[in-house]
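Residue numbers (the numbering used here): 7 to 318. Glycine included, every Cβ here is placed at the ideal spot set by N, Cα and C. These numbers come from a predicted model, not from an experiment.
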Amino acid sequence: MKNVILQMAPVPMQLTLRLQQHFTLFNYAQLTKEQQAELIPLVRVLLVNGETPLDDTTMARYPNLQLIAVFGVGYERIDANATYKRNIQISNTPGVLTDDVADLAFGLMLACSRQIVGAQRFIERGDWASQSYPWTNKVSGSRLGILGLGRIGRAIALRASAFNMSVYYHNRTRHADFAEEYCATPQALATHCDFLVVCAPGGENSRALVNAEVLQALGPAGILINIARGSVVDEVALVHAIEHKLIAGAGLDVFCDEPNVPAALLQRDNVVITPHMGSATQSTRKAMSDLVYENISAYFAGKPLLTPADKP
Ligand code: 8YV
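Set out below in structure tokens:
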């Protein structure tokens with residue numbers, strides 16, 4: 007058997023069909039223990055998504071593993087040091103999903119601040135016949151804090167200019183080519199903004215970067231948006247902040263224990279939640295599928311990867 011790929015996570019059908027046409031693809035979940043054992047020495051590529059954990063021990067089981075192809079941009083659950091040690095490459099799908107994730111960040115900002123979901127519930131309850139919906143808060147001209155200035159953070163800043171917003175950012179390193187005001191800590195950033203948008207990659211370096219102090223600094227008029235990873239926000243502190251009105255609201259596409267969402271965040275007009283769908287549009291999922299396919303094809307053809315993952 008040549009060019010064996012082992013699929014460890016769900017990916018779009020169009021991608022699996024295309025891979026099956028050109029290579030030998032197995033789905034780990036559909037194999038018996040015996041079949042898995044037989045396959046292990048043949049596997050050269052693991053196909054995973056952003057949620058798949060891959061530690062050194064797992065990688066050690068596959069002696070011929072040379073590429074981990076990630077369907078998604080984030081890959082913080084893959085032990086990057088183990089991949090360097092074992093000479094395993096990682097490919098991911100940056101760029102093609104940037105617009106969608108940035109668009110969703112704005113959707114959540116607007117939905118939270120203007121309480122679009124709460125207003126729909128108001129009509130559906132039949133309340134409009136007897137009252138008007140309470141006034142909400144303006145988005146245009148407000149202050150936006152970007153936590154993590156990668157591709158997605160920059161795409162959000164670009165959209166913010168059309169909303170006439172003042173933009174502030176915090177990042178591990180200051181970006182000389184980015185003209186907006188740098189804040190030295192997440193807490194300083196939170197004091198400067200009406201919307202704090204979390205765009206930092208997940209993983210140990212960013213765990214609970216948004217903690218109780220940062221939420222306190224965001225304050226009772228501030229709104230938290232998270233389109234990155236649930237782990238970047240201390241969810242217990244967030245629930246406390248929402249329950250005690252320490253912040254004005256939250257727009258969340260990601261959670262600490264997906265698909266579980268803390269009950270305290272449900273059914274609130276000031277909290278808008280979506281099921282980790284930042285990149286889940288027809289055209290972007292197709293573009294992500296194409297990029298995964300092209301990376302795997304390049305690897306089997308002995309060519310450089312199109313999008314090798316950045317070193318964390
Ligand atoms: C995907 C993502 O939903 O790119 C990422 O890091 O979080 C998303 O685009 C995810 O990788 C697919 O499971």
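Ranking R178, Q222, Y174 and Q27 by CA distance to the CA of V203 puts Y174 first. In this structure, P100 keeps its C-beta atom at 9 Å or more from the C-beta atom of P69.
In this structure, DSSP gives T58 a state outside helix and strand, which the three-state scheme calls coil. With a cut-off of 8 Å on Cβ pairs, the segment 107-117 is in contact with the segment 255-262, counting three or more such pairs.
The DSSP assignment places 73-77 and 95-97 as complete runs of the beta strand (DSSP E) inside the segment 61-109, in order along the chain (cut-off: 3 residues). Assigned with DSSP and collapsed to three states, A256 falls in strand.
A residue is called buried once 16 or more other Cβ atoms fall within 10 Å of its Cβ, and A206 is buried on that count.
Burial of P192 is indicated by the presence of at least 16 other C-beta atoms within 10 angstroms of its C-beta.
For T179, the secondary structure class from DSSP, reduced to helix, strand or coil, is coil. In this chain, T287 is not harboured by any beta strand (DSSP E), its DSSP state being neither H nor E. Within the DSSP secondary-structure output, I229 pairs in a beta bridge with F201 and G255. Annotated as proximal: L73 and R50, with beta-carbon spacing under 9 Å. In the structure shown, E264 falls within a coil segment according to DSSP collapsed to helix, strand and coil. Boundaries of the alpha helix (DSSP H) around Q20: M19 to H28.
For S119 and N276, the gap between their C-alpha atoms comes out near 7 Å. In the three-state DSSP reduction, S119 falls in the helix class (H, G or I). The beta carbons of R83 and P59 sit closer together than 9 Å. For the pair A163 and N9, the Cα-to-Cα distance works out to about 42 Å.
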